[in-house]
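Participant: Per UniProt numbering: the sequence shown = residues 1 to 900.
Backbone N, C-alpha and C fix where the C-beta goes; we use that ideal spot for every residue, glycine too.
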Amino acid sequence: MFGFLSKIFGTANDRIVKKLLNEVEQINHLEQYYSEMTDESLLKASMNLKGQVQSNAKTLDEITYDAFALVREGAKRVLGQRHFDEQLMGGLVLHRGMICEMKTGEGKTLVATLPAYLNALTGKGVHIVTVNDYLAQRDASWMGPLFNFLGLSVSTVTGQTSDEDRIQSYKADITYATNNELGFDYLRDNMKFGADAKVQRPFHYAIIDEVDSILIDEARTPLIISGPTSDRSNLYITINNLVKKLDKEYYEIEEKTKSVTLNDQGMSKIEEMLVAAKLIKDGSSLYDFEYTHLVHFINQSLKAHTMFRDNVDYMVKDGQLMIIDEFTGRVLEGRRYSDGLHQALEAKENLTIQNENQTLASITFQNYFRMYPKISGMTGTAMTEANEFKFIYNLDVVAIPPHKPVTRIDHDDEIYGTKEEKYDAILKAVNEAHEKGQPILVGTVSIEKSEVISALFNKHKIKHKVLNAKYHEQEAGIISQAGRLGAVTIATNMAGRGTDIMLGGNLKMLLKDLSNTLSKEQLEQQIAEEKEKVMQAGGLFVIGTERHESRRIDNQLRGRSGRQGDPGRTKFFLSLEDDLMRIFASERVTQILKRFGLKGGEALHDPMITRALEKAQQRVESGNYEVRKNLLKFDDIMNDQRKIIYAKRNDIISAQNIIQTLFDSAEDWLGSVINTFIPQDKFRDDWDLEGLAAEIERVLDIKIDTQKITKDQMVEDDIHQYAFSLAKELFLSKQNAFGDMFNDVLKYIILNLIDQSWKEHLYNLDHLRQGIGLRAYGQKDPFQEYKKESFYLFEQMLDHFAVNILQVISHLHPNPNADIQKAKSAKDDLHNLSQTRVDPALQKDASSAVKMQPSTNVYVEPDKRDPKDPNTWGRVARNELCPCGSGKKYKQCHGSVVPQ
1 MFGFLSKIFG
11 TANDRIVKKL
21 LNEVEQINHL
31 EQYYSEMTDE
41 SLLKASMNLK
51 GQVQSNAKTL
61 DEITYDAFAL
71 VREGAKRVLG
81 QRHFDEQLMG
91 GLVLHRGMIC
101 EMKTGEGKTL
111 VATLPAYLNA
121 LTGKGVHIVT
131 VNDYLAQRDA
141 SWMGPLFNFL
151 GLSVSTVTGQ
161 TSDEDRIQSY
171 KADITYATNN
181 ELGFDYLRDN
191 MKFGADAKVQ
201 RPFHYAIIDE
211 VDSILIDEAR
221 TPLIISGPTS
231 DRSNLYITIN
241 NLVKKLDKEY
251 YEIEEKTKSV
261 TLNDQGMSKI
271 EEMLVAAKLI
281 KDGSSLYDFE
291 YTHLVHFINQ
301 SLKAHTMFRD
311 NVDYMVKDGQ
321 LMIIDEFTGR
331 VLEGRRYSDG
341 LHQALEAKEN
351 LTIQNENQTL
361 ASITFQNYFR
371 MYPKISGMTG
381 TAMTEANEFK
391 FIYNLDVVAI
401 PPHKPVTRID
411 HDDEIYGTKE
421 EKYDAILKAV
431 NEAHEKGQPI
441 LVGTVSIEKS
451 EVISALFNKH
461 KIKHKVLNAK
471 YHEQEAGIIS
481 QAGRLGAVTI
491 ATNMAGRGTD
501 IMLGGNLKML
511 LKDLSNTLSK
521 EQLEQQIAEE
531 KEKVMQAGGL
541 FVIGTERHES
551 RRIDNQLRGR
561 SGRQGDPGRT
571 KFFLSLEDDL
581 MRIFASERVT
591 QILKRFGLKG
601 GEALHDPMIT
611 RALEKAQQRV
621 ESGNYEVRKN
631 LLKFDDIMND
641 QRKIIYAKRN
651 DIISAQNIIQ
661 TLFDSAEDWL
671 GSVINTFIPQ
681 DKFRDDWDLE
691 GLAAEIERVL
701 DIKIDTQKIT
711 KDQMVEDDIH
721 QYAFSLAKEL
731 FLSKQNAFGD
741 MFNDVLKYII
751 LNLIDQSWKE
761 HLYNLDHLRQ
771 GIGLRAYGQK
781 DPFQEYKKES
791 FYLFEQMLDH
801 FAVNILQVIS
811 HLHPNPNADI
821 QKAKSAKDDL
831 HNLSQTRVDP
841 ALQKDASSAV
851 KMQPSTNVYV
861 EPDKRDPKDP
871 NTWGRVARNE
881 LCPCGSGKKY
891 KQCHGSVVPQ
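#1: Leaving out five residues on either side along the sequence, give the residues of the same chain with a beta carbon under 8 Å from the beta carbon of P405.
#2: With DSSP run on the structure shown, which of helix, strand or coil describes R551?
#3: What residue does the beta strand (DSSP E) around M315 start on, and which one ends it?
#4: Quick check: the Cα distance between D61 and L121, rounded to an integer number of angstroms?
#5: Within the continuous alpha helix (DSSP H) that includes S233, where are the two ends?
#6: Just mark T517 as buried or exposed, buried being the case when its beta carbon has 16 or more other beta carbons within 10 Å.
#7: Measuring straight from C-alpha to C-alpha, what distance separates I323 and A112?
#8: How would you label F369, buried or exposed, when you count the other beta carbons within 10 angstroms and need 16 or more for buried?
#9: Give the DSSP bridge partners of C884, in chain order.
#10: Quick check on D578: does DSSP put it in helix, strand or coil?
#11: For G486, which of helix, strand or coil comes out of DSSP?
#12: Quick one: residues in its chain with C-beta nearer than 7 Å to the C-beta of M383, no 5 flanking neighbours on either side, listed in chain order?
#13: Compare the Cα-Cα distances from K124 to each of Q87, A206, L88 and report the closest residue.
#14: Tell whether a beta-carbon distance below 9 Å holds between G544 and Q438.
#15: Using 9 Å as the threshold, is the C-beta distance between S153 and A172 below it?
#16: How big is the Cα-Cα spacing for residue 906 and Y423?
#17: Thinking just about the alpha-carbon of each residue, which of V93, R96, A69 is nearest to the one in H83?
#18: DSSP has V466 in a bridge; who is on the other side?
#19: Whole angstroms is fine: what's the gap from D664's alpha carbon to H720's?
#20: Which of helix, strand or coil does DSSP assign to D14?
#21: Starting from the C-beta of H403, find all residues in its chain whose C-beta is less than 7 Å away, skip the five residues before and the five after it, and write them out in chain order.
#22: With a threshold of 7 Å on Cβ separation, who are the neighbours of L557 within its own chain once the five nearest residues in sequence on each side are excluded?
#23: Using a threshold of 9 Å, state whether the C-beta atoms of I809 and I749 are closer than that.
#24: What's the gap between the Cα of Q26 and the Cα of Q32?
#25: Are the CB atoms of L523 and V540 within a distance shorter than 9 Å?
#26: When we look at the beta-carbon of E521 and count the other beta-carbons within 10 Å, is it buried (16 or more) or exposed?
#27: In the DSSP assignment, the beta strand (DSSP E) including Y786 goes from what residue to what residue?
#28: Quick test of your reading: E385 and D635, contact by CB under 8 Å. State the CB separation rounded to the nearest angstrom.
#29: Give me the residue from R15, N639, E760, S672 with the minimum Cα distance to M371.
#30: What does DSSP give as the partner residues of C100 in its beta bridges?
#31: Could you pull the start and end residues of the beta strand (DSSP E) that Q320 belongs to?
#32: Nearest by alpha-carbon distance to E73: which of V93, L43, S450 is it?
#33: Quick one: what's got a C-beta closer than 6 Å to H411's C-beta in the same chain, skipping five residues either side?
#34: Where does H434 land, buried or exposed, given buried means 16+ other C-beta within 10 angstroms?
#35: Here's the rule I'm using: 16 or more other beta-carbon atoms within 10 Å means buried, otherwise exposed. How should I239 be labelled?
#36: In the DSSP assignment, what residue or residues form a beta bridge with L60?
Here's what the structure looks like:
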């Protein structure tokens with residue numbers, strides 16, 4: 001019924017294309033106007049459009065036709081290429097934030113210049129996203145002259161681009177970069193200590209080339225930054241051994257708030273012990289700037305020993321410390337205490353301490369690209385995934401008709417009983433085509449399968465080339481010549497994307513060939529002659545050695561043949577032993593084969609089998625879609641939290657007078673702690689003023705006079721104002737002591753505490769993810785359980801973080817001997833971070849994804865140091881003899897070497 005109506009009224013896509021054609025006519029009317037301009041006049045017209053947009057005199061939509069006509073004229077003059085009407089249609093689709101499906105060879109790289117130029121006129125930057133560094137560099141150098149001609153700047157970002165160059169690259173009007181580099185730069189930017197160190201500017205518009213590959217195929221695995229985080233297990237153990245020696249007289253317990261605090265005596269005692277353990281210098285204080293990080297470890301270890309009991313709050317099972325739910329008494333699978341408390345408990349129980357900092361930052365491509373106000377994409381195959389693009393990215397797909405009708409012949413699949421029979425049929429087909437000089441592209445589903453086919457061809461003396469996906473430039477060179485007379489090329493289905501197969505050969509690539517001795521004119525003649533022979537032989541013959549689990553990948557392989565109206569043909573050879581047939585389509589196909597009685601060596605060409613295969617592919621695609629949807633559901637939760645943390649970091653970085661932030665935090669915390677010790681429903685005689693005073697002294701290092709409160713008959717608001725005035729006075733005294741450095745010191749401390757808390761939170765979320773699936777056995781929805789518990793952990797983390805900031809800064813001692821200057825000139829050494837595309841929550845052994853380094857902040861006994869391995873030395877004083885045995889002081893030996 002619907003097919004009948006579509007024939008009469010046309011499909012929705014047909015109606016969109018019809019409207020686009022009308023708009024293209026309006027652009028074509030402007031062609032003569034711009035063609036009569038001089039180069040200088042074109043540049044002036046371009047700058048005039050830019051001025052109108054940036055002054056808000058006109059919107060981008062109002063100048064679209066002029067901008068497109070201007071770009072087309074520029075391309076004619078600079079590149080020698082004129083945008084076809086179909087390419088203008090593709091440009092309009094991209095500008096409107098949709099996905100443009102154009103067949104292979106339709107010139108998508110040139111299409112992208114239209115919306116890129118138009119949207120770059122705002123001055124906010126356009127990112128053109130490619131799948132590898134080679135394509136980013138190639139497209140930027142190819143299209144760059146056109147943008148420069150029109151007065152816009154162009155740059156690239158690759159894996160080799162330095163931080164300094166990245167800053168400049170992202171400032172360009174149009175930046176070509178890979179999806180991985182963009183995502184990792186975003187994560188690294190949100191780990192930096194200053195706005196001037198960030199490389200990216202606010203997102204504006206992204207055009208994603210091969211959009212199905214980036215937003216679909218690569219969306220199952222998140223981007224993750226990890227390491228080089230120090231293994232601090234030795235520090236936890238050392239602190240644990242010190243805290244064990246503290247008697248009850250050295251600390252005070254407040255069970256109501258489940259907190260424990262060292263008193264003055266205890267503070268003196270622990271400082272003596274730290275000096276003896278060589279963790280701090282003799283005569284130093286725990287609250288000197290360079291030692292403030294130790295406070296956190298001592299507090300958590302003290303809490304582990306005094307407030308948490310084995311078989312009550314936690315239990316030890318199979319060498320693992322597991323949390324017991326205080327309400328149900330059940331073990332909380334996958335849960336870990338946050339803020340380093342779990343590690344402190346592991347040290348207390350003499351267990352192996354699991355490193356708390358595995359993941360430093362993480363994001364999925366779905367959530368990364370959804371941060372852009374506008375995105376669009378282009379590919380040869382998107383219609384099969386249109387529902388997913390709409391549901392996850394709110395992107396509609398529009399299929400643009402080809403510039404010339406497709407004349408390629410797509411043969412029915414041939415199905416054989418065994419792989420051997422299939423390979424024999426492939427050999428026969430290759431030999432027949434090869435004898436005619438017809439170029440052949442053999443597609444495989446994996447590198448392993450391509451090696452099997454290559455060995456088969458070698459055995460039968462068939463000369464061929466195999467694409468190696470590790471070397472993108474070499475790959476592009478091979479695929480570009482796959483259309484030459486008699487060429488046989490084996491490739492994985494995804495290999496060589498972004499490079500057209502031109503019948504007779506690719507002139508640009510042949511000119512780059514160092515072994516070539518012919519002139520440009522001679523090469524052009526050779527290519528023309530070869531092309532004629534190849535067309536007579538039937539064009540490019542694409543052979544599929546088995547069906548991929550995604551129809552889209554099969555269509556990509558088919559689309560290699562028949563570009564721009566060229567002749568060509570395609571055929572898939574299958575067997576019952578292929579993975580897809582064996583796992584997903586076996587029952588249905590077996591029934592059909594029984595009916596037909598397939599004999600050895602015979603092939604079936606049956607539409608029913610093709611339909612059965614398509615249904616099998618749809619089932620696999622549906623399963624993969626569910627994996628991506630599920631990943632996104634979980635990452636959306638983390639994404640909400642990520643936004644809050646990154647916003648906090650940015651607020652701190654941009655704050656001009658950060659002491660006000662400190663005042664606000666102290667005011668809020670005092671309000672909550674006063675409510676805890678002086679509940680509104682209690683009489684004055686029931687107020688716990690001593691407990692309140694102890695808690696305020698623990699956190700803010702100020703003493704409130706409880707007798708004054710009683711004598712002056714202070715109410716809650718009076719107490720709040722009184723305590724806050726003392727806190728304010730304390731912070732101002734710190735500010736005076738540090739002088740101009742105070743703002744930088746505060747930023748440095750707060751950013752470090754944010755990063756520490758966030759890293760530990762991510763680690764706890766990884767653990768939660770790994771065990772959350774087990775909740776399904778208890779008739780609970782794992783996602784809802786994860787959502788509830790992750791937000792509980794997040795709120796806990798924020799509470800701890802706020803108190804940690806107040807406590808550290810309140811107790812901070814200005815020490816002119818401390819290296820405070822590093823806070824002012826803190827640079828971000830993010831070059832050694834490990835970048836991965838592995839989700840720890842989906843791995844059996846998540847710890848293997850992260851490379852941990854021994855801590856250089858912990859003192860190691862001389863007899864435990866390996867002179868040949870600096871990683872075992874720990875912290876070495878600069879005037880100490882170098883552990884390598886050279887006899888020199890450390891500062892004159894290994895200590896003088898700047899780590900690479």
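Facilitator: Checking against the coordinates, here is how it stands:
#1: Within the sequence shown, the letter at position 405 stands for residue 405. Hits under 8 Å: G565.
#2: Your numbering for residue 551 matches position 551 in the sequence shown. Residue state, collapsed to three classes: helix.
#3: Start at 1 with the first residue of the sequence shown, and residue 315 comes out as number 315. Element bounds for M315: 314-317.
#4: Working through the sequence shown from its first residue, we reach residue 61 at position 61. Working through the sequence shown from its first residue, we reach residue 121 at position 121. If you take the alpha carbons of D61 and L121, they lie about 12 Å apart.
#5: Within the sequence shown, the letter at position 233 stands for residue 233. Here the alpha helix (DSSP H) through S233 covers 233-243.
#6: What you label residue 517 is simply residue 517 of the sequence shown in a count that begins at 1. Label assigned to T517: exposed.
#7: Taking the first residue of the sequence shown as 1, we reach residue 323 at position 323. Taking the first residue of the sequence shown as 1, we reach residue 112 at position 112. Computed Cα separation, rounded: 54 Å.
#8: Position 369 of the sequence shown, counted from the first residue, corresponds to residue 369. Flag for F369 reads buried.
#9: The residue labelled residue 884 in the question sits at position 884 within the sequence shown. According to DSSP, C884 bridges with nothing at all.
#10: Start at 1 with the first residue of the sequence shown, and residue 578 comes out as number 578. Correct three-state label for D578: coil.
#11: Against the sequence shown, residue 486 aligns to sequence position 486. The answer is coil: DSSP assigns G486 none of H, G, I, E or B.
#12: Residue numbering aside, residue 383 sits at position 383 when the sequence shown is read from its first letter. Cβ neighbours of M383 beyond the five flanking positions: E101, V397, A399.
#13: Reading the sequence shown from its first residue, position 124 is the one you call residue 124. Ranking the options by Cα distance to K124, first place goes to A206.
#14: Indexing the sequence shown from 1 puts residue 544 at position 544. Indexing the sequence shown from 1 puts residue 438 at position 438. No; because the gap between Cβ atoms is not below 9 Å, this pair is not in contact.
#15: Indexing the sequence shown from 1 puts residue 153 at position 153. Indexing the sequence shown from 1 puts residue 172 at position 172. A contact, by the Cβ cut-off of 9 Å.
#16: This structure does not reach residue 906, given that the chain is present from 1 up to 900, and the question cannot be answered.
#17: For the purposes of this step, residue 83 is identified with residue 83 of the sequence shown, where counting begins at 1. When each option's Cα is compared against that of H83, the closest is A69.
#18: Counting from 1 along the sequence shown, the entry for residue 466 is found at position 466. Paired residue(s): I490.
#19: As a working mapping, residue 664 is identified with position 664 in the sequence shown. As a working mapping, residue 720 is identified with position 720 in the sequence shown. When rounded, the distance between both Cα atoms is 13 Å.
#20: Along the sequence shown, one-based indexing puts residue 14 at 14. Three-state DSSP puts D14 in a helix.
#21: In the sequence shown, the residue the question calls residue 403 occupies position 403. Around H403: F84, E86, E106, Q564.
#22: As a first step, residue 557 must be located in the sequence shown, where it is residue number 557. Cβ neighbours of L557 beyond the five flanking positions: G443, N493, V542, G544.
#23: Position 809 of the sequence shown, counting from 1, holds the residue named residue 809. Position 749 of the sequence shown, counting from 1, holds the residue named residue 749. Going by C-beta atoms, I809 is nearer than 9 Å to I749.
#24: Within the sequence shown, residue 26 is the residue found at index 26, counting from 1. Within the sequence shown, residue 32 is the residue found at index 32, counting from 1. Taking the straight line from one Cα to the other gives about 12 Å.
#25: Here the question's residue 540 lines up with position 540 in the sequence shown. Here the question's residue 523 lines up with position 523 in the sequence shown. The question names Val, but residue 540 in the sequence shown is Leu. The answer is no: Cβ separation not under 9 Å.
#26: As a position in the sequence shown, residue 521 is number 521, starting the count at 1. Its Cβ having fewer than 16 others within 10 Å, E521 is exposed.
#27: Locating residue 786 in the sequence shown gives position 786, where the first residue counts as 1. Careful: Y786 lies outside any beta strand (DSSP E), inside the alpha helix (DSSP H) at 782-810.
#28: Translated into positions along the sequence shown, residue 385 becomes position 385. Translated into positions along the sequence shown, residue 635 becomes position 635. Not quite, the Cβ-Cβ distance comes to about 19 Å (not below 8 Å), so this is no contact.
#29: For the purposes of this step, residue 371 is identified with residue 371 of the sequence shown, where counting begins at 1. Of the listed residues, the one whose Cα sits closest to M371 is N639.
#30: Start at 1 with the first residue of the sequence shown, and residue 100 comes out as number 100. Paired residues: M378, V398.
#31: As a working mapping, residue 320 is identified with position 320 in the sequence shown. Where Q320 is concerned, the enclosing beta strand (DSSP E) stretches over 320-323.
#32: Walking along the sequence shown from the start, residue 73 turns up at place 73. The option with the nearest alpha carbon to E73 is L43.
#33: If you number the sequence shown from 1, residue 411 lands on position 411. Answer for H411: K571, listed in chain order.
#34: As a first step, residue 434 is located in the sequence shown; it is residue number 434 there, counting from the start. Buried.
#35: Counting from 1 along the sequence shown, the entry for residue 239 is found at position 239. Buried.
#36: The residue labelled residue 60 in the question sits at position 60 within the sequence shown. DSSP lists no partner for L60.
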